[in-house]
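Asks: Chains as they are written, first to last, in this note's numbering: chain A, 1 to 205; chain B, 1001 to 1205; chain C, 2001 to 2205; chain D, 3001 to 3205. Ideal placement from N, C-alpha and C gives every residue a C-beta, glycine not left out. I'd like to ask you about the structure that follows.
Protein chains: 4
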Amino acid sequence: MMTKRISLKETQRKERERLILDYAEKALLEKGYYDMNMDEIAMGVGVAKGTLYLHFPKKEDLVYTLVEPKMQSFLKSVEEAKALPVSPKEKLEFLLNRELSGAFFQLLMKSSPDMTTIFKSREAEVNDILPKIFSGIHDMLSEGIREGLFDPELPVEFMSSAFINLFEPHLYKEMVEVRKMPLQVFNSHLSNLFFRGIMDTKETN
Amino acid sequence: MMTKRISLKETQRKERERLILDYAEKALLEKGYYDMNMDEIAMGVGVAKGTLYLHFPKKEDLVYTLVEPKMQSFLKSVEEAKALPVSPKEKLEFLLNRELSGAFFQLLMKSSPDMTTIFKSREAEVNDILPKIFSGIHDMLSEGIREGLFDPELPVEFMSSAFINLFEPHLYKEMVEVRKMPLQVFNSHLSNLFFRGIMDTKETN
Amino acid sequence: MMTKRISLKETQRKERERLILDYAEKALLEKGYYDMNMDEIAMGVGVAKGTLYLHFPKKEDLVYTLVEPKMQSFLKSVEEAKALPVSPKEKLEFLLNRELSGAFFQLLMKSSPDMTTIFKSREAEVNDILPKIFSGIHDMLSEGIREGLFDPELPVEFMSSAFINLFEPHLYKEMVEVRKMPLQVFNSHLSNLFFRGIMDTKETN
Amino acid sequence: MMTKRISLKETQRKERERLILDYAEKALLEKGYYDMNMDEIAMGVGVAKGTLYLHFPKKEDLVYTLVEPKMQSFLKSVEEAKALPVSPKEKLEFLLNRELSGAFFQLLMKSSPDMTTIFKSREAEVNDILPKIFSGIHDMLSEGIREGLFDPELPVEFMSSAFINLFEPHLYKEMVEVRKMPLQVFNSHLSNLFFRGIMDTKETN
DNA sequence: TATGAATGAGCCTTCATTCAT
DNA sequence: TATGAATGAAGGCTCATTCAT
Chain A
1 MMTKRISLKE TQRKERERLI LDYAEKALLE KGYYDMNMDE IAMGVGVAKG TLYLHFPKKE
61 DLVYTLVEPK MQSFLKSVEE AKALPVSPKE KLEFLLNREL SGAFFQLLMK SSPDMTTIFK
121 SREAEVNDIL PKIFSGIHDM LSEGIREGLF DPELPVEFMS SAFINLFEPH LYKEMVEVRK
181 MPLQVFNSHL SNLFFRGIMD TKETN
Chain B
1001 MMTKRISLKE TQRKERERLI LDYAEKALLE KGYYDMNMDE IAMGVGVAKG TLYLHFPKKE
1061 DLVYTLVEPK MQSFLKSVEE AKALPVSPKE KLEFLLNREL SGAFFQLLMK SSPDMTTIFK
1121 SREAEVNDIL PKIFSGIHDM LSEGIREGLF DPELPVEFMS SAFINLFEPH LYKEMVEVRK
1181 MPLQVFNSHL SNLFFRGIMD TKETN
Chain C
2001 MMTKRISLKE TQRKERERLI LDYAEKALLE KGYYDMNMDE IAMGVGVAKG TLYLHFPKKE
2061 DLVYTLVEPK MQSFLKSVEE AKALPVSPKE KLEFLLNREL SGAFFQLLMK SSPDMTTIFK
2121 SREAEVNDIL PKIFSGIHDM LSEGIREGLF DPELPVEFMS SAFINLFEPH LYKEMVEVRK
2181 MPLQVFNSHL SNLFFRGIMD TKETN
Chain D
3001 MMTKRISLKE TQRKERERLI LDYAEKALLE KGYYDMNMDE IAMGVGVAKG TLYLHFPKKE
3061 DLVYTLVEPK MQSFLKSVEE AKALPVSPKE KLEFLLNREL SGAFFQLLMK SSPDMTTIFK
3121 SREAEVNDIL PKIFSGIHDM LSEGIREGLF DPELPVEFMS SAFINLFEPH LYKEMVEVRK
3181 MPLQVFNSHL SNLFFRGIMD TKETN
């Protein structure tokens, strides 16, 4: 019974935290880090300002809490992709499929000047995650080159940066959310575009 | 004589405005909209803070004045490209070559949440320029499809968004500024990647 | 039986109140009124914050409850001293001995600007106790003057303020707590210093 | 003329700063560090809150700027006293005369728990001044003992702490400000009290 | 009765903008 | 016209106090 009550409270706490994070994510995406303010979030969620600070000691922490699991999930997908017993192209396609609609968000973040502030305050943690993501992708591309699938004249860094760019949310938003292109179709277009782009075509010539 | 003096003053005024805009551009790129502040810009340019407000009534106006000519120049390039008596592919390559190193900047801006604020305050003007840019690109791509060059299965909007993404500054920065890849090489990789990606390859199969 | 249970509860209540007061006293002395906060006290005592408010409706009340018995005890000592069948000098020495190491604390309080806030909220009570303390000391000093022991040229108010100053905790802290001077020695130095200072020495000349 | 204008502005600036410091000193003495707030000071001085921050970057700095010159002036008096070609007793009397009515204030500060905060933020500077004050007084007292004037049985630290206590503002306030005892008379009572207290009286016995 | 999550007033500080000189 | 001191609205954060459980 004691346990039940505790877990009830804990549940409510998590729920509240979820509400805050959801609202904050929306605000962050719409307004950016600086234009979203703690008052407005409190209002939006329907709690007092102080309550936010029970969950997140700083504004930075709230935002980082938002971003961190997305980076983690992305990293996890990268690692799963790498471990698949398929061709590098299929691995990367798996990754695109898995992450395009969801967690790509963090990469938007990385490009925003706002995010620099946040990431600076968590440098150690960020430096633990992001490089792993990049090197995972790098590995898959290198593998593809070694196997003669991808164009050896394109530097791997070029490919990986271009690949990362695919997760940039504007294209996704425009095509899937605005123009209602089915996600499947969007994914296949995107991977076609990219893989035809990096394919080693010399044998064809 | 009167005219001369005025035009002298006017010249000085323009010069100063140039200095302010140059410094502000650097600051904006390095720190983003919120972390660049008017004090710092005044200091950096070597004028008093009040002087900034003689040139730009709001911080927003300063930044918009920064972005606007870049959009205009981009639009001009689009129109020049369209008018060239060459294939659509070559038109788009011309555009890439012309704008990659310079004015793509504005598109970074557009993606940043900060910029939303700025653009909102100038909605009318922005809505006059941006759609023309997109439709210009759209036109060249459609032309390419009609001529059987580009894959008709890829929606034009998809192609154009992907094309716009090429100007996203991260890839450029990483490859050209950090890794010192020559701009020529970078351009050719980029256009290879893109055009192989959108090429109509059915005949090849 | 009813009474017994109540008194048991009452005992526990008092015990807890004691714990709170003890912890708060330490915190108050170390950090002052504003840097000691209710969270920290609750934590330190091992009760919930709300519990503090069952005992003391305001932070001010907690602190006043701390100070008040010390003033009372000091007053009691003054009255005992007055009633002793010995010389005024010995009465005052008794008072020094009795109170130096303990309750002088409240007087530190009085000098701190923080305490002003506290005392203002309890003006009536404070005005009932402090004047009695001062007049008790005043009486002993007057008696000593009348008996030709103390210098009649020194105003009594001067003597009494100087005497009160002896309880100022800095000297005590420095000598007894930091330099480990035995309390006996400290007391005798202090009373020597004071009484030689106020002694009527004309007859010696 | 240029110079004149500059010095005029500078004069006004100093005047304003003086007003702020004066008001802040009153507030600090009346309410203590925490109960005095920047809003109230701005209001009281008749400037906007932001203006305070043109003069003092932090609340702490404002208060420290208040306290620092008083410590410096006290130190200067100590050094002047030491250099006088008179007896140690007369040196210390000179110091009492000079500082009693004015700058002793800082020592009140030192005892207040609030001040701890301020001093912590300026540890280096404070540690440069305060020890010099104490050692200067210490030297004069030691000199007096060596010359057989002061009681060699009283530890010098005891004497010096007691001497410092004389500057404690309560006695002064009560006698001079409340009871209107002339400063001269107050000083002579005080030094009588103290010096009779520490005098070496063995030869008399 | 005891708890501790929730509250919100209040404080310090920043910075775009104004305006007297 | 150019200046830069002055302004004050707005934001992040703290903490005494309340109240549902």
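From the DSSP output, which residues share a beta bridge with Met1199/B?
Replies: DSSP, once it has assigned bridges, lists Phe1150/B as partnering Met1199/B.
Asks: Does any C-beta atom of chain B lie closer than 8 Å to the C-beta of Leu217/A?
Replies: Residue 217/A lies beyond the stretch modelled for chain A, which goes from 1 to 205, so this question has no answer here.
Asks: Scan the segment 1057-1076 of chain B for residues whose Cβ lies nearer than 9 Å to a Cβ of chain A and list them as they occur along the chain.
Replies: Within the segment 1057-1076 of chain B, no residue qualifies.
Asks: Is it true that the segment 156-165 of chain A meets the segment 1156-1176 of chain B, where meeting means three or more beta-carbon pairs spaced less than 8 Å apart?
Replies: The answer is yes - the segment 1156-1176 of chain B touches the segment 156-165 of chain A, with three or more Cβ pairs under 8 Å.
Asks: Within a Cβ cutoff of 7 Å, which residues of the same chain sit near Val3045/D, ignoring the five residues on either side of it in sequence?
Replies: Counting only Cβ-Cβ distances below 7 Å, and skipping sequence neighbours, we find Leu3019, Ile3020 and Tyr3023.
Asks: Quick one: which chain B residues come within Cβ less than 7 Å of Ala162/A?
Replies: The answer, in chain order, is Leu1171 and Leu1193.
Asks: By how many angstroms is the C-alpha of Glu3143/D removed from the C-alpha of Glu2080/C?
Replies: Glu2080/C and Glu3143/D: Cα-Cα distance of roughly 42 Å.
Asks: So, with DSSP's three-state summary, where would you put Met1071/B?
Replies: Three-state result, Met1071/B: helix.
Asks: If you measure from the beta carbon of Tyr3034/D to each beta carbon in chain C, is any gap under 8 Å?
Replies: Judged by the 8 Å Cβ criterion, Tyr3034/D is in contact with chain C.
Asks: Chain C partners of Ser3112/D, CB-CB under 9 Å?
Replies: Near Ser3112/D (Cβ distances below 9 Å), the residues of chain C are Gly2032, Ser2111, Ser2112, Pro2113 and Asp2114.
Asks: Mind listing the chain B neighbours of Arg179/A? Cutoff is C-beta to C-beta under 7 Å, in chain order.
Replies: Going along chain B in sequence order, the residues near Arg179/A (Cβ under 7 Å) are Glu1157.
Asks: Chain C beta carbons: is any one of them nearer than 8 Å to that of Arg3122/D?
Replies: No - not a single Cβ of chain C is within 8 Å of the one on Arg3122/D.
Asks: Taking any Cβ of chain A, which residues in the segment 1131-1155 of chain B have a Cβ under 9 Å from it, in chain order?
Replies: Within the segment 1131-1155 of chain B, the residues whose Cβ lies closer than 9 Å to some Cβ of chain A are Asp1151, Glu1153, Leu1154 and Pro1155, listed in chain order.
Asks: Taking the C-alpha atoms as reference points, what is the distance between Leu2029/C and Leu2062/C?
Replies: Each residue's Cα considered, the two are about 14 Å apart.
Asks: Between the C-alpha atoms of Glu1157/B and Ser1121/B, what's the straight-line distance to the nearest angstrom?
Replies: Their Cα atoms are separated by approximately 27 Å.
Asks: In whole angstroms, what is the alpha-carbon distance linking Phe3150/D and Leu3092/D?
Replies: Whole-angstrom Cα-Cα distance: 12 Å.
Asks: Between Asn2205/C and chain D, is there a C-beta pair that is closer than 8 Å?
Replies: Because Asn2205/C carries a pLDDT of 38, less than 50, the predicted location of this residue cannot be relied on, and no value is offered for it.
Asks: Do Tyr34/A and Tyr1034/B count as a contact pair if the criterion is CB distance below 8 Å?
Replies: Going by C-beta atoms, Tyr1034/B is nearer than 8 Å to Tyr34/A.
Asks: Does the distance from the C-beta atom of Val3154/D to that of Gly2197/C stay below 8 Å?
Replies: Per the sequence shown, residue 3154/D should be read as Leu rather than Val. In this structure, Gly2197/C does not lie closer than 8 Å to Leu3154/D by Cβ.
Asks: Determine the direct distance from the alpha carbon of Asp139/A to that of Lys3049/D, and round the result to whole angstroms.
Replies: If you take the alpha carbons of Lys3049/D and Asp139/A, they lie about 57 Å apart.
Asks: Pull up the distance between the alpha-carbon of Val3176/D and that of Ser2007/C, whole angstroms please.
Replies: Taking the straight line joining both Cα atoms gives about 53 Å.
Asks: State the Cα-Cα distance for the pair Thr11/A and Phe1134/B, rounded to the nearest angstrom.
Replies: Between Thr11/A and Phe1134/B, the C-alpha separation is close to 48 Å.
Asks: From which residue to which residue does the alpha helix (DSSP H) around Asn1165/B run?
Replies: Its alpha helix (DSSP H) spans residues Val1156 to Asn1165.
Asks: Among Ala3027/D, Lys3089/D and His3055/D, which has the Cα closest to the Cα of Ser3191/D?
Replies: That would be Lys3089/D, whose Cα lies nearest to the Cα of Ser3191/D.
Asks: Please list, in chain order, the chain A residues whose beta carbon lies closer than 8 Å to that of Glu1174/B.
Replies: By Cβ distance, chain A contributes Glu157 and Ser161.
Asks: With a threshold of 8 Å between beta carbons, is Thr2117/C in contact with chain D?
Replies: It does: the Cβ of Thr2117/C has a partner Cβ on chain D nearer than 8 Å.
Asks: Going by DSSP in three states, Phe3186/D sits in which element: helix, strand or coil?
Replies: Helix at Phe3186/D.
Asks: Against chain A, does Gly1197/B count as a neighbour if the rule is that its beta carbon must be under 8 Å from one of theirs?
Replies: Yes, its Cβ sits closer than 8 Å to a Cβ of chain A.
Asks: My guess is that Ile3137/D and Ser3160/D are in contact by the Cβ rule of under 8 Å, so how many angstroms apart are they, rounded?
Replies: Yes, they are in contact, since the Cβ atoms of Ile3137/D and Ser3160/D sit about 5 Å apart, within 8 Å.
Asks: Report the CB separation of Glu3015/D from His3055/D in whole angstroms; it is logged as a contact under 8 Å.
Replies: That pair is no contact at about 11 Å.
Asks: Helix, strand or coil, according to DSSP, for Lys3026/D in the structure here?
Replies: In the structure shown, Lys3026/D sits in a helix (DSSP, three-state: H, G or I).
Asks: Please state whether DSSP places Asn3192/D in a helix, a strand or coil.
Replies: If DSSP states are grouped into helix, strand and coil, Asn3192/D belongs with the helices.
Asks: Since Leu1095/B and Val1078/B are thought to touch, with beta carbons under 8 Å apart, how far apart are those beta carbons, to the nearest angstrom?
Replies: Between Val1078/B and Leu1095/B the Cβ distance is about 6 Å, and since that is below 8 Å, they are a contact.
Asks: Considering just the uninterrupted stretch of the alpha helix (DSSP H) at Pro169/A, what are its terminal residues?
Replies: Per DSSP, Pro169/A belongs to the alpha helix (DSSP H) from Pro169 to Tyr172.
Asks: Out of Met2199/C, Pro2113/C and Val2185/C, which one is the CA nearest neighbour of Leu2141/C?
Replies: Leu2141/C has its Cα closest to that of Met2199/C, out of Met2199/C, Pro2113/C and Val2185/C.
Asks: Answer yes or no: do Ser2073/C and Ser3112/D have a C-beta to C-beta separation smaller than 8 Å?
Replies: Going by C-beta atoms, Ser2073/C is not nearer than 8 Å to Ser3112/D.
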